[in-house]
Each structure stands twice: as structure tokens, then as C-alpha cells.
Amino acid sequence: MKGNTIFFLFCSLFLVSFLEDTGAAQAGTNYGVYIVYMGAAASTKGSLRDDHAQLMSSVKENTLVHTYRHGFSGFAARISEEEARSIAQKPGVVSVFPDTQVELHTTRSWDFLKFQTSVKIDSKPNTGNDQSSSSVGSDSIIGILDTGIWPESESFNDKDMGPIPTRWKGTCVKADDFNSSNCNRSYGDSAAKAPAKLQTPRDTVGHGTHVASTAAGSTVASASYYGLAGGTAKGGSPSSRIAIYTVCSSGGCRGSAILAAFDDAVADGVDVLSLSLGAPSYIRIDLKSDPIAIGAFHAVDHGIIVVCSAGNDGPDSESVVNVAPWILTVAASTIDRDFQSNVVLGGNKLIKGESINFSPLKQSPEYPLIYAKYAKKSGANEAQARCKTLEIMFRNCNPDSMDKNLIKGKIVVCNNVGDENYSAREKISVVKSLGGIGIVLIDDQSSRVASTYGSFPATLIKSKDSAEVLSYINSSSNPVATILPTVAVTEYKPAPAIAYFSARGPSYDTMNILKAWLLALHNDPDIAAPGVDILAAWIANDASQTPQGKEPPLYNVISGTSMACPHVSGVAATVKSQNPTWSPSAIKSAIMTTASKNISRTVTNVGGDGKTVYAASVDAPSGIVVKVIPDQLTFTKNNEKLSYQMIFSSSTATSLKEDVFGSITWTNGKFKVRSPFVVSSKSGDDNDEYVL
Numbered sequence: 037m038k039g040n041t042i043f044f045l046f047c048s049l050f051l052v053s054f055l056e057d058t059g060a061a062q063a064g065t066n067y068g069v070y071i072v073y074m075g076a077a078a079s080t081k082g083s084l085r086d087d088h089a090q091l092m093s094s095v096k097e098n099t100l101v102h103t104y105r106h107g108f109s110g111f112a113a114r115i116s117e118e119e120a121r122s123i124a125q126k127p128g129v130v131s132v133f134p135d136t137q138v139e140l141h142t143t144r145s146w147d148f149l150k151f152q153t154s155v156k157i158d159s160k161p162n163t164g165n166d167q168s169s170s171s172v173g174s175d176s177i178i179g180i181l182d183t184g185i186w187p188e189s190e191s192f193n194d195k196d197m198g199p200i201p202t203r204w205k206g207t208c209v210k211a212d213d214f215n216s217s218n219c220n221r222s223y224g225d226s227a228a229k230a231p232a233k234l235q236t237p238r239d240t241v242g243h244g245t246h247v248a249s250t251a252a253g254s255t256v257a258s259a260s261y262y263g264l265a266g267g268t269a270k271g272g273s274p275s276s277r278i279a280i281y282t283v284c285s286s287g288g289c290r291g292s293a294i295l296a297a298f299d300d301a302v303a304d305g306v307d308v309l310s311l312s313l314g315a316p317s318y319i320r321i322d323l324k325s326d327p328i329a330i331g332a333f334h335a336v337d338h339g340i341i342v343v344c345s346a347g348n349d350g351p352d353s354e355s356v357v358n359v360a361p362w363i364l365t366v367a368a369s370t371i372d373r374d375f376q377s378n379v380v381l382g383g384n385k386l387i388k389g390e391s392i393n394f395s396p397l398k399q400s401p402e403y404p405l406i407y408a409k410y411a412k413k414s415g416a417n418e419a420q421a422r423c424k425t426l427e428i429m430f431r432n433c434n435p436d437s438m439d440k441n442l443i444k445g446k447i448v449v450c451n452n453v454g455d456e457n458y459s460a461r462e463k464i465s466v467v468k469s470l471g472g473i474g475i476v477l478i479d480d481q482s483s484r485v486a487s488t489y490g491s492f493p494a495t496l497i498k499s500k501d502s503a504e505v506l507s508y509i510n511s512s513s514n515p516v517a518t519i520l521p522t523v524a525v526t527e528y529k530p531a532p533a534i535a536y537f538s539a540r541g542p543s544y545d546t547m548n549i550l551k552a553w554l555l556a557l558h559n560d561p562d563i564a565a566p567g568v569d570i571l572a573a574w575i576a577n578d579a580s581q582t583p584q585g586k587e588p589p590l591y592n593v594i595s596g597t598s599m600a601c602p603h604v605s606g607v608a609a610t611v612k613s614q615n616p617t618w619s620p621s622a623i624k625s626a627i628m629t630t631a632s633k634n635i636s637r638t639v640t641n642v643g644g645d646g647k648t649v650y651a652a653s654v655d656a657p658s659g660i661v662v663k664v665i666p667d668q669l670t671f672t673k674n675n676e677k678l679s680y681q682m683i684f685s686s687s688t689a690t691s692l693k694e695d696v697f698g699s700i701t702w703t704n705g706k707f708k709v710r711s712p713f714v715v716s717s718k719s720g721d722d723n724d725e726y727v728l
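So the mapping is simple: our numbering equals the position in the sequence shown, first residue as 1, plus 36.
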């Protein structure tokens with residue numbers, strides 16, 4: 037792997053705080069962990085330093101959970117609600133708020149997703165020299181706040197990497213299952229309290245390993261998930277350095293731990309921070325009490341670009357999280373690969389299915405097939421069956437709804453449309469417990485996201501295809517079928533498309549910033565990245581979905597905005613390496629540009645062609661007239677800045693009923709620079725907001 041490996045910096049902070057020892061207030065007490073936020077770092081202002089020292093001295097040492105002193109000032113401590121209210125009134129205190137828990141952006145309330153990450157898979161790798169694999173990004177350091185790392189993965193081989201950047205100030209954390217050699221000349225700082233069982237940088241979940249290899253994993257040939265999605269795996273910036281900050285477990289991530297990681301990252305010298313986690317969308321957190329927003333604000337102030345996942349609570353509107361305008365928020369899109377596990381009916385009729393399974397069933401359709409509705413328990417009479425609630429229960433394979441004698445030895449068809457009470461995995465468990473040998477789930481939304489079911493034959497089909505399956509069952513005296521093992525289909529269309537689970541905007545907190553509203557609804561969003569069925573490195577001891585007779589996988593396929601986020605983090609690291617003097621805003625602007633009604637827009641010629649002319653073309657939404665002045669930009673040298681103006685007007689007498697989308701594209705024949713925009717229906721006539 038010469039020239040394509042990464043040097044790995046492990047920054048394992050053991051920052052996870054949990055209910056059993058440092059969590060939020062427990063039942064029967066009024067004590068809990070509170071975060072005291074005091075703004076900029078105390079060292080920058082004498083009076084603030086004094087305020088911080090005075091407040092710290094008033095808190096008992098054994099109640100302190102974290103202190104923040106590098107990027108910003110404050111601390112987290114286990115105190116009473118009354119003490120928290122009192123401290124909030126003290127000089128120098130910006131806000132005091134409970135230590136909330138956020139979640140990894142890899143799961144949903146129904147279990148169609150297991151985890152999330154993303155890594156580039158090239159089925160036809162270039163065997164020649166690849167500039168991006170050896171030099172580009174080699175001086176950039178990506179800090180990843182997550183569940184830890186599996187250092188033995190080949191994706192983290194540091195062979196032939198250059199010396200550690202001199203600006204790196206971190207050290208390596210050691211533990212019983214993690215020694216200094218695991219660090220690859222790396223980083224860690226065991227500076228915070230956590231249960232003894234979590235005092236290790238080693239990833240026990242898989243999420244952090246997956247995310248890290250997506251952002252900057254080294255080139256690994258012949259990577260696959262048990263033969264599926266085979267090819268060469270590498271991260272977005274394979275020569276960047278990685279710093280892992282362990283802030284999460286499978287149970288979630290404490291805000292106080294996240295803030296401590298931000299604080300240390302500022303002192304350690306990272307260039308990019310990547311967070312594939314956030315609060316659930318139903319928790320509306322004010323920016324002054326949002327640990328991610330606060331930490332990101334100070335990181336950006338210190339020159340670090342912060343990239344966060346948008347969340348997985350789509351397709352509902354106002355479900356986007358990590359909405360602070362200084363954060364680069366990433367939605368998830370599909371790629372041109374599809375994992376198909378098809379159903380074959382009697383007569384060899386093929387029905388397209390979606391899932392990852394290693395079905396041991398024969399290829400020929402010879403297994404009895406039954407619709408769950410026809411396998412209801414004998415206790416339910418026809419009058420009960422006509423009840424809508426019971427009818428849904430019977431056809432949906434819900435617990436305690438089917439007769440074991442009618443299910444045993446059969447493939448069962450279950451309707452999952454509109455049923456949010458039970459997950460797909462729960463229904464599979466029900467069918468398996470009753471002796472079923474396979475399951476076909478009717479599900480329109482999650483049918484484009486392939487979940488993993490191990491050796492059990494399980495697949496998802498769409499409603500339009502289910503009609504043929506049910507018609508066959510109803511018309512046949514002896515319906516039979518089989519479920520084929522998964523095959524990976526490449527060059528699948530349409531792709532890319534925004535994943536249905538990807539959170540939507542507008543932001544609940546800043547309605548005039550249309551972050552993921554654009555990402556979710558526009559056909560070709562700029563700030564979305566692959567987040568569906570992404571292959572990346574995994575922990576080597578996870579046997580939860582291991583097919584019978586197989587070893588645990590070294591790579592795994594999962595989905596979510598967690599997978600999309602590190603794709604963009606890798607891009608940001610590459611941009612930073614090529615342009616080391618650029619600010620976080622400049623890097624963000626190179627990836628996604630925003631503007632308001634009076635658009636005086638300035639662009640910079642960074643294409644390297646010197647003298648060149650860019651011409652504008654506009655894709656305007658119906659009812660909107662867009663004029664670009666001038667419609668040509670003539671550059672005479674590299675890094676020259678020119679400005680243009682966009683004038684928006686309505687071509688109709690009626691006001692907008694909904695947000696509309698369009699784009700402006702500048703091209704010089706060699707490069708195309710496209711900026712999408714949104715004209716918002718939610719702003720008043722005097723304060724319309726446009727996002728480019």
C-alpha cells in the first residue's frame with residue numbers, strides 16, 4: 037500500500053459521561069451534571085480568568101466532570117438545580133444548562149438503519165500513481181468525535197507516512213486493550229472522568245471506525261462485506277492524519293464530553309472536526325445551550341472548520357439538527373450501487389427486492405408462501421378482523437398476531453407500509469420465532485436502503501410490486517417462492533438522490549437559514565454526500581450479523597447522515613491542505629455558498645488557469661425571473677476577485693406558496709461552478725431570503 041497509507045493520530049479522551057456516575061439528575065434527587073459556559077477562553081481576558089477561577093473554587097473538586105480552558109472557558113460539574121440557578125447569575129457566566137445526551141446519526145426509531153458512514157469504493161482502481169493518495173491532504177489533521185477506533189484495521193495502516201506535523205500537540209492514551217504501538221505515532225489524553233469499563237480508545241461499537249476510515253482511510257484492495265461491494269476502499273483524504281476523540285458509546289454521547297473534545301482539539305492543532313452525531317430533532321435546543329453549536333463556534337474562531345451530520349429524522353420538515361450557521365451541515369444521498377435480494381414466485385416470476393442477506397434457500401421457488409393476514413390466530417373472528425387496528429396488526433406480522441402452525445416452514449409476506457409501531461427487525465424476529473423460513477416486507481420508504489439480516493432470508497419490496505405478489509397468493513392453491521441471496525448492482529439509476537431518512541429543513545431555530553431544506557428537496561444539492569449503503573472499516577469482533585460459519589467482518593455496509601459527514605470532512609481536509617491559509621469560511625464557501633436578498637457576490641479565480649472567462653447560465657424556478665449582472669466574468673490572473681449581482685423578481689402577481697429552487701452555473705469550458713439557491717416563501721416581502 038505504498039503511497040496510499042495514512043498516518044493515524046489517536047485522540048482518545050474517554051469523555052463519555054453516563055447516568056450511573058456523572059449523568060443527568062437521577063430520580064429522587066435534584067442533583068445532576070450541569071455545564072457552566074463562560075464564553076471565550078479565560079486566558080484571553082484577565083477579568084474572565086478571575087471569574088472562572090472564583091467559580092471553580094466554589095465547586096467541590098470531587099463534583100467536577102470537565103474543565104474547559106483552551107478553546108473556551110467553563111466547566112461541567114455535578115451540582116444541584118439550586119446551585120445551577122445561582123451560578124447562572126454570577127459575573128462572566130453566559131449560560132448554565134443540563135448535560136444532555138445526543139445520539140450517533142446511524143439509527144432511527146424504527147430499525148431500518150444500523151449504523152452510518154461513507155468511504156469511496158473503486159471497483160476499477162487506478163494502479164498508477166495517484167496524487168490524492170500520497171501527498172494531497174498529508175499535512176491536514178481531521179479530528180473525529182465518535183466511539184473510538186479499531187487500530188488494527190488495514191484502513192489505518194500508516195506505512196510510508198511522513199513525520200507528524202510539528203503543530204500537533206497531542207499525546208497517546210494507553211489502556212488494557214490499547215497500547216502505545218496501536219497509536220501509529222498518535223494522540224490521546226485521558227483527562228476526563230468515565231466509568232472504568234470505558235477507559236479505552238478502542239471502539240466497541242463500530243461507528244467511529246467506520247466514520248474514520250470514510251474520512252481518511254488508506255487504500256485497501258479487495259475490500260468487501262463477505263464478497264459484496266467488492267473493490268478498493270479508501271477515504272476521502274487518505275493521506276490526512278486522524279485524531280480520534282472518544283466521546284460516545286452505544287448509549288449515546290454526553291454534551292459535556294463533546295465540549296471537552298472541542299476544547300482539547302483547539303489545543304491539539306486539528307484542521308477539521310467531524311461530528312456524525314447530534315440531538316434528536318424533537319429536542320429543540322437553543323444555540324446558547326447546544327454543546328455542539330458552542331464548541332463549533334469556538335473551534336471556527338480558532339481556524340478549525342467543523343462538519344456535522346444533518347440527522348436522520350427525515351423526511352419530516354424542520355427535522356434538521358446541527359443548524360448553527362458556522363457549522364457545515366451534511367445531508368445523505370444515494371450512490372449508484374444497489375443491493376438486490378429478489379423474490380422468485382412460482383412460474384419463475386422475479387420481483388425486485390432490497391436487502392443484504394446470505395439466503396441459504398434454493399434458487400428455485402419451492403417454499404410455501406403465505407400472506408400474514410391469512411395466518412392470523414384462530415381466536416380472531418371475522419368481526420374482529422374487520423376492525424382496522426386488528427387488520428393492520430394481522431397483515432403487519434406484529435407480535436402475537438399470527439398462528440405458529442400456519443407460519444412454520446413458510447416464507448411470510450408482511451406489510452410494513454404506515455406501521456411505525458414495530459421495526460423490521462422485530463417483525464423478522466416474530467417470523468423466526470414462529471418457525472418461518474423467510475420474510476418479504478412491503479415497504480416503500482426503506483426499500484432503497486439495504487439493511488443487513490445475516491443468513492436469514494429477508495428482503496423488502498415496494499407496494500407497486502407487492503400487488504403482483506398478493507395476486508399470485510390469492511389466485512394460487514399452493515403458492516410458492518424463494519428469496520435469493522443479495523447481489524450488488526452497480527451503475528444503478530437514478531443516483532444520486534437525497535435519502536428519504538436524511539433530515540429536512542428549514543431550521544427550527546434559524547428559519548432564515550435554509551440549510552438542509554435545500555439539501556433535502558433540490559434535485560442536485562451541493563452539500564449532500566454519499567450516506568446510503570456505504571462500505572467502510574469495522575471492528576473485528578462484531579458477530580451480531582455474521583453469517584453462519586463466517587468470521588466477523590472487517591468491513592461493513594451501513595447508512596445514515598453519519599456516513600455522509602466524513603465524506604465532506606475528507607474534502608475539507610484536502611482543500612485545507614492545498615490552501616493552508618484559507619479560513620473555515622473560505623473552505624466552507626468552496627463547498628457551499630450562501631447569500632441574502634441584496635446579492636454585491638464576490639468570487640475568486642482558483643482554477644489555476646490565469647486569464648479566463650466564465651459565462652453564467654441560470655436555471656430559474658417557475659414564477660421567478662433571475663438576472664445576473666454581469667453575465668460574464670473576465671479574470672486576468674489567478675486568485676483575482678470579481679463581483680456580480682443577482683436580481684430576483686416575480687413574473688406573476690401572486691406570492692409564493694412554497695419555497696422554490698434554482699441554480700446559477702458559471703463555466704469557462706473547463707470548469708463548472710454551480711450554486712443552487714432557494715427563494716423562501718416564509719420571509720416577508722421586505723426581507724426575502726435566498727440561499728445560494
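Heads up, the beta-carbon is just placed ideally off N, CA and C, and yes, glycines get one too.
- Taking the continuous alpha helix (DSSP H) assigned at GLU462, which residues delimit it? 460-469
- Query: Do the region 378-387 and the region 565-578 make contact, defined as three or more Cβ pairs closer than 8 Å?
  - Reply: no
- Please report how far the alpha carbon of ALA368 lies from the alpha carbon of ILE594, in whole angstroms. 12 Å
- Message: According to DSSP, TYR779 sits in a beta bridge with which residue or residues?
- Response: Residue 779 lies beyond the range of the chain shown here (37 to 728); nothing can be said about it.
- Can you tell which of SER691, ILE660, THR640 has its C-alpha closest to the C-alpha of THR670? THR640
- Sequence-distant residues of its chain with Cβ nearer than 7 Å to LEU520 (five each side left out): SER377, ASN378, VAL380, SER395, GLN399
- Coarse secondary structure for GLN90, derived from DSSP in three states: helix
- Query: Which one of VAL604, THR207, LEU405, PRO589 has the shortest CA to CA distance from LEU264?
  - Reply: PRO589
- Query: Cα separation between VAL715 and ILE534?
  - Reply: 20 Å
- Compare the Cα-Cα distances from ALA112 to each of HIS102, GLU119, CYS344, ALA517 and report the closest residue. HIS102
- Task: Jot down the residue ranges of each uninterrupted beta strand (DSSP E) in the region 345-399, minimum 3 residues, whole runs only, in chain order.
- Result: 364-369, 373-376, 379-381, 385-387
- What is the rounded straight-line gap between the Cα of TRP362 and the Cα of GLY253? 26 Å
- Query: Taking the Cβ atom as the reference point for each residue, do TYR262 and PRO583 lie within a distance shorter than 9 Å?
  - Reply: yes
- Message: For ASN615 and PRO602, I'd like the C-alpha separation in whole angstroms.
- Response: 19 Å
- Query: Would VAL308 be called buried (16 or more neighbouring beta carbons within 10 Å of its own) or exposed?
  - Reply: buried
- Could you check if ASP87 is buried or exposed, using at least 16 other CB atoms within 10 Å of its CB as the buried criterion? buried
- Proximity winner among VAL453, CYS433, GLY445, ASP479, relative to SER465 (alpha-carbon distances): CYS433
- Task: Assuming VAL476 contacts ILE443 (C-beta within less than 8 Å), just tell me the rounded distance between them.
- Result: 13 Å between Cβ atoms; not a contact.
- Query: Hey, would you say SER538 sits closer than 9 Å to THR597, going by beta carbons?
  - Reply: yes
- Item | Straight-line Cα distance separating GLU118 from VAL95 | 13 Å
- Report all residues from its chain with a CB closer than 8 Å to the CB of GLY244; omit the five preceding and five following residues, and keep chain order. ILE180, ASP182, THR183, GLY184, ILE185, ILE280, THR282, CYS284
- My guess is that GLY347 and SER317 are in contact by the Cβ rule of under 8 Å, so how many angstroms apart are they, rounded? 6 Å
- Query: At what residues does the beta strand (DSSP E) containing VAL476 begin and finish?
  - Reply: 474-478
- Query: Given a threshold of 16 other Cβ atoms within 10 Å of its Cβ, counted over all protein chains shown, does ARG203 qualify as buried or as exposed?
  - Reply: exposed
- VAL516 to VAL485, Cα distance in whole Å? 26 Å
- Query: What first and last residue would you give for the alpha helix (DSSP H) that runs through ALA539?
  - Reply: Taken as a continuous stretch (DSSP letters only), ALA539 belongs to no alpha helix (DSSP H), as it is neither H nor E.
- Message: Between ASP436, GLY471, LEU470, LYS693, which has its C-alpha nearest TYR458's C-alpha?
- Response: ASP436
- State buried or exposed for GLU390, treating a residue as buried only when at least 16 other CB atoms are found within 10 Å of its CB. buried
- Measuring alpha carbon to alpha carbon, tell me which of ASN66, GLY606, SER260, PRO657 ends up nearest ASN592. SER260
- Would you decide whether ILE319 is buried or exposed? Buried here means 16 or more other CB atoms lie within 10 Å of its CB. exposed
- Looking at the structure shown, is ILE177 part of a helix, part of a strand, or coil, going by DSSP? strand
- Just the Cα atoms here: how many angstroms apart are LEU678 and SER711? 16 Å
- Task: Give the DSSP-derived three-state secondary structure of ASP326 in the structure shown.
- Result: coil
- Could you say which of GLY305, ARG121, ARG277 lies nearest to LYS205 if we only look at CA atoms? GLY305
- Task: Can you tell me which of the three DSSP states THR236 falls into?
- Result: coil
- Note the first and the last residue of the continuous alpha helix (DSSP H) segment covering PHE298. 291-304
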